[in-house]
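Q:
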Amino acid sequence: MIDLTERVKSIEYAIRDVVVYAKKLEKAGKKIIYLNIGDPCKYDFDTPQHIKEAYCKAIKNGYNWYGDSKGLPELREAIAEKEKRLNNVDVDPENIVITSGISEAISMFIAAVVDKGDEVLVPGPTYPPYIAYTKFFGGKPVSYRCIEEEGWQPDIEDIRDKINERTKILVIINPNNPTGALYSEKTIKEILDIAAEHELIVVSDEIYDQIVYEKGHVNTAKVAREIPVVVFNGFSKVYLATGWRLGYMYFYDPEGKLGHIREGVEKQARIRLSANTPAQVAAVTALKGPQDHIKEMVEKLKERRDYAWKRLNEIDNISCVKPEAAFYAFPKVNLENKWKDDKEFVLDLLKNTGVLVVFGSGFDPIYGKNHFRLVFLPPLEILEEAFNKLEEYISSK
Ligand SMILES: Cc1ncc(COP(=O)(O)O)c(C=O)c1O
């Protein structure tokens, strides 16, 4: 038998891996409440009508060919306009690459920068593909601590301590998945300064940039001055188009230090031909057309965030920092001697109640342990049912 590669053996994706257990139970007749996946379109959020129509129209009008590998010029221009309008950042459309979701941007970027043994600093806890792709390309993910007691803000000293001569990339996820944290301008500037001092490339994943509750989001490039930053963003969350698989990265590079890396990314873009063409045409409409759905979505989510946060903190042995953005909560659970670890807790909860959440150690073995992540995307009545079950289950143990 031919062996599976070590590369593939090394990767996992807890968010979807837990679904395998849930599907088995569902097949046996158990009702499952899915709180595991960050897909608003699976709940009562829908892609705005005018964006859907733009997609259909693009297909009918014949936009069914392979596009430019870097992305359609009109979409890259629309993204540059959006960055100027929203963040007052000047981006040359030539420095934008359209990808099949941020997921592909993560893979292409890490492939371009990380050689065997190179290190990538990721937040602890993090969105798992940053760990998976780093390992996949032979690198070493190193997590820096985010401080739960301080609203999961990055620990600047810990970042500094973990840098060595093999460190290449410093990843910021702001707003953060899985914690729902929103970083202050001061924190972002401190991270940028450390990166500049050690000549690291800052990657700033801002996919939840417009899903914020009390405070506004600070774009990393906006405050970077001369420090180069690669920003990742996309259409999955803010434009409610997860299944379209469309994202982008742009190189904010005022001194032209990252040209060779951008070329490395573009080379990879060429070998996979192009991103989805009709989706790109519709994405221009998404960026240039009415934006009203964002406010409506955020209002709906805020009510659900408030409810989820209140209910979680009322349950014995659970405490939760208030998420300031995105649609995730990352509560801590006191496992006592009842469960071996957070994975056992999550699987036990699933078996007993049908409520599916993701174990925290899937987001980081150290900084995520004794936690779990849930989405507060469902309507209040479903959240109520899920929290009732969670509460009953914990008090029965
Ligand atoms: C922080 C973060 N980045 C990227 C992604 C994936 O985005 P895309 O759908 O554009 O691949 C997600 C999805 O949950 C995410 O939470």
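Numbering-wise (our numbering), the sequence shown opens with residue 1 and increments by one.
Quick reminder that beta carbons are idealized off the backbone N, C-alpha and C, glycines included.
Three or more C-beta pairs closer than 8 Å, one from the stretch 268 to 280 and one from the stretch 45 to 61: is that the case here?
A: Because the criterion of three Cβ pairs below 8 Å is met, the stretch 268 to 280 and the stretch 45 to 61 touch.
Q: Which residue's Cα is closest to the Cα of Pro125: Ser396, Asp341, Ile394 and Phe330?
A: Answer by Cα proximity: Phe330.
Q: Measuring alpha carbon to alpha carbon, tell me which of Gly151, Glu94, Ile106 and Leu170 ends up nearest Tyr183.
A: Comparing Cα positions, the closest option is Gly151.
Q: Please give the ranges of any alpha helix (DSSP H) in the stretch 15 to 76, keeping only runs that are unbroken, at least 4 residues long and fully inside the region.
A: Counting whole runs of 4 or more residues, the stretch 15 to 76 contains the alpha helix (DSSP H) stretches 49 to 60.
Q: Could you check which residue in Gly139, Lys162, Ile169 and Phe137 has the C-alpha nearest to that of Arg145?
A: Here the closest residue by C-alpha is Lys162.
Q: Let me have the residue list for ligand 1: C-beta closer than 6 Å to any non-hydrogen atom, ordered along the chain.
A: Checking every Cβ against the heavy atoms of ligand 1 under 6 Å gives Gly38, Gly101, Ile102, Ser103, Tyr127, Ile173, Asn177, Asp205, Ile207, Gly234, Ser236, Thr242 and Gly247.
Q: So Phe109 is in the alpha helix (DSSP H); what residue range does that whole segment cover?
A: Taken as a continuous stretch (DSSP letters only), the alpha helix (DSSP H) holding Phe109 covers Gly101 to Val113.
Q: Determine, using beta carbons only, whether Ile98 and Asp205 come nearer to each other than 9 Å.
A: It is not a contact, given that the beta carbons lie outside the stated cut-off.
Q: Hey, Asp341 and Ser319 are a contact pair by Cβ (cut 8 Å); roughly how many whole angstroms apart?
A: Wrong, their Cβ atoms sit about 18 Å apart, outside the cutoff.
Q: Output the residue ranges of the beta strand (DSSP E) runs that lie fully inside the stretch 105 to 179 and measure 3 residues or longer, sorted by chain position.
A: Qualifying beta strand (DSSP E) stretches, in chain order: 119 to 124, 140 to 147 and 167 to 173.
Q: How is Met249 classed by DSSP in three states: helix, strand or coil?
A: Reduced to three states, the DSSP call for Met249 is strand.
Q: For the beta strand (DSSP E) holding Val375, just list the boundary residues, first then last.
A: Run containing Val375: Phe372 to Val375, per the beta strand (DSSP E) assignment.
Q: Under a three-way DSSP split, which group does Tyr328 fall into?
A: Reduced to three states, the DSSP call for Tyr328 is strand.
Q: For Gly62, which of Val8, Ala282, Glu344 and Thr5 has the nearest alpha-carbon?
A: Nearest of Val8, Ala282, Glu344 and Thr5 to Gly62, Cα basis: Ala282.
Q: How far does the beta strand (DSSP E) with Gly234 in it extend, from its first residue to its last?
A: Taken as a continuous stretch (DSSP letters only), the beta strand (DSSP E) holding Gly234 covers Val229 to Gly234.
Q: Which whole-angstrom value is the C-beta distance of Phe327 and Leu383, which I expect to be below 8 Å?
A: Contact doesn't hold; Cβ gap of about 11 Å is too wide.
Q: Pull up the distance between the alpha-carbon of Lys343 and that of Pro379, whole angstroms please.
A: Near 26 Å, if we compare the C-alpha coordinates of Pro379 and Lys343.
Q: Going straight from the alpha carbon of Glu301 to that of Tyr127, what length do you get?
A: Strictly speaking, residue 301 in this sequence is Leu, with Glu absent from that position. Roughly 20 Å separates the two Cα atoms.
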